[in-house]
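**Q** Residue numbers (this note's numbering), protein chains in the order written: chain A, 1 to 147; chain B, 1001 to 1147.
Note that the Cβ used here is the ideal one computed from N, Cα and C, for glycine as well.
Number of protein chains: 2
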Amino acid sequence: MSFMVSTKGRYALRVMIDLAQHIEELQPLKIIAERQNISLKYMETIMPCLKEAGFVDGTHGKGGGYRLTRPPQDYTVGEILRITEGSLAPVACLDNGYVCERADTCPTLPVWKKLDSIITDYLDTVKLTDMIPKNMVQFDDTCYSQL
Amino acid sequence: MSFMVSTKGRYALRVMIDLAQHIEELQPLKIIAERQNISLKYMETIMPCLKEAGFVDGTHGKGGGYRLTRPPQDYTVGEILRITEGSLAPVACLDNGYVCERADTCPTLPVWKKLDSIITDYLDTVKLTDMIPKNMVQFDDTCYSQL
DNA sequence: GTATTTACCTACCAAGTAAGTAGGTAGGTA
DNA sequence: TACCTACCTACTTACTTGGTAGGTAAATAC
């Protein structure tokens, strides 16, 4: 029982949503952490990841903070999670650089590949703006929707 | 980067496929382990899981071994992985018994729920017999197929 | 120029999990 | 009786998760 997406990816996603909801001004991490009820110190270790990827930029000093570098609708959940988690591969067999001598004959490999493509295809269709409350209606009815 | 399916689930699946390919007689774990190139000792720690679930039964003594308890087409990849991995939930938020006070308003929860249902729906459609080489053609063309 | 605010950096830690290994016991068959 | 096979308990090594602690560097306000 190990989860595909850890707190790192989940917190990162919540920070990105938070920034998308405050698009106009710079948001200090302290404020975001309080609003999201996440440890400031822990968030500080996650933010460099989003910054290196060019998803956000941060300015120092008084009045500083973080902000998105692109319009919110230009981010997908898939790319945010792929950066923060390192990989979204469901099994080691599909991980970047992994070589398996059974690959040519393994009967399970096609299943993992299909599973991987299903996961990727879905996560790459969900945009950051799809998770802003006013848009939540678009999710199917098995899911919570905030009206 | 933590994988949804560990070696435990992957090995279990390969053992189940192996048993499906030798449906008529009892297969000693030693033989299966050699054929699959998996540590016998490690497999011994995984088999009780499959036995408790009623997927296989094992008989002691000379000529003993393991065998499937049902016809191979009656097993799905989903149920085998769910038993061995404990859960296939992509995030802790969806794990059995987990309570999150943010659940009612969390904008990311619908995404995790949808992702979970996509994964489950796919894995529950793949049957054990779908992975026996002669049937592998049924996978789509982005995947390896053994003709 | 000083104080303050903020990002940013380095190191550490406790608990848990993954992926086995080692060495036996119990049950059944030839 | 000898052999084979499942089954059980304990241990190990390495790694990951989810943080905490304590600072430094940069920028701004006053």
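In this structure, how does DSSP classify Gly-58 of chain A when only helix, strand and coil are distinguished?
**A** Reduced to three states, the DSSP call for Gly-58 of chain A is strand.
**Q** Rounded to a whole number of angstroms, what is the C-alpha to C-alpha distance between Arg-1035 of chain B and Ala-92 of chain A?
**A** Those two C-alpha atoms are separated by around 21 angstroms.
**Q** Expressed to the nearest angstrom, what Euclidean distance is found between the alpha-carbon atoms of Ser-1002 of chain B and Ser-1087 of chain B?
**A** Ser-1002 of chain B and Ser-1087 of chain B: Cα-Cα distance of roughly 14 angstroms.
**Q** Kindly list, in the order they appear in chain A, the residues whose Cβ is closer than 8 angstroms to that of Gly-1086 of chain B.
**A** Ordered by position in chain A, the residues that pass the 8 angstroms Cβ test against Gly-1086 of chain B are Met-1.
**Q** Which whole runs of the beta strand (DSSP E) in the segment 72 to 104 of chain A are 3 residues long or more, in chain order?
**A** Within the segment 72 to 104 of chain A, no complete beta strand (DSSP E) run reaches 3 residues.
**Q** To the nearest angstrom, how far is the alpha carbon of Met-4 of chain A from that of Lys-1062 of chain B?
**A** Between Met-4 of chain A and Lys-1062 of chain B, the C-alpha separation is close to 42 angstroms.
**Q** The segment 42 to 58 of chain A: which residues have C-beta closer than 8 angstroms to a C-beta of chain B, in chain order?
**A** Within the segment 42 to 58 of chain A, no residue qualifies.
**Q** Grouping DSSP H, G and I as helix and E and B as strand, with all else coil, what is Asp-1018 of chain B?
**A** In this structure, Asp-1018 of chain B counts as helix in the three-state DSSP scheme.
**Q** Mind checking which residues open and close the beta strand (DSSP E) that includes Arg-67 of chain A?
**A** Note, Arg-67 of chain A: beta strand (DSSP E), 65 to 68.
**Q** Is it buried or exposed, Val-77 of chain A, if we count other Cβ atoms within 10 angstroms and call 16 or more buried?
**A** Flag for Val-77 of chain A reads buried.
**Q** Counting C-beta neighbours from all protein chains within 10 Å, is the total for Asp-1141 of chain B 16 or more, i.e. buried, or is it exposed?
**A** Only weak support is given to the placement of Asp-1141 of chain B: the predicted model assigns it a pLDDT of 38, under 50, and the question is left unresolved by the model.
**Q** Distance, Cα to Cα, Ser-132 of chain A vs Asp-1018 of chain B?
**A** The question names Ser, but residue 132 of chain A is Ile in the sequence shown. Using only the alpha carbons, I get a separation of about 48 angstroms.
**Q** What residue range is occupied by the uninterrupted alpha helix (DSSP H) comprising Thr-129 of chain A?
**A** Here Thr-129 of chain A belongs to no alpha helix (DSSP H), and DSSP marks it neither H nor E.
**Q** Alpha carbon to alpha carbon, what distance is there between Tyr-1066 of chain B and Thr-1059 of chain B?
**A** Thr-1059 of chain B and Tyr-1066 of chain B: Cα-Cα distance of roughly 7 angstroms.
**Q** In this structure, does DSSP put Ala-12 of chain A in helix, strand or coil?
**A** If DSSP states are grouped into helix, strand and coil, Ala-12 of chain A belongs with the helices.
**Q** Report the residue from A:Leu-109, A:Leu-13, A:Glu-101 whose alpha carbon sits nearest the alpha carbon of Leu-1013 of chain B.
**A** The candidate whose alpha carbon is nearest that of Leu-1013 of chain B is A:Leu-109.
**Q** Relative to the C-alpha of Glu-52 of chain A, which residue among A:Ile-80, A:Pro-107, A:Ile-32 is closest?
**A** Considering only alpha carbons, the answer is A:Ile-80.
**Q** Could you tell me which chain B residues have their CB closer than 7 angstroms to the CB of Ala-92 of chain A, listed as they occur along the chain?
**A** Per Cβ cutoff of 7 angstroms: Phe-1003.
**Q** Please tell me whether Leu-115 of chain A and Met-16 of chain A are closer than 8 angstroms, where the distance is taken between their beta carbons.
**A** Not in contact: Leu-115 of chain A and Met-16 of chain A (Cβ atoms no closer than 8 angstroms).
**Q** Buried or exposed, going by whether 16 or more other CB atoms sit within 10 Å of the CB of Ala-1103 of chain B?
**A** The residue in question, Ala-1103 of chain B, is exposed, as its Cβ has fewer than 16 Cβ neighbours within 10 Å.
**Q** Less than 8 angstroms separating the beta-carbons of Cys-49 of chain A and Thr-84 of chain A?
**A** For Cys-49 of chain A and Thr-84 of chain A, yes; Cβs fall inside 8 angstroms.
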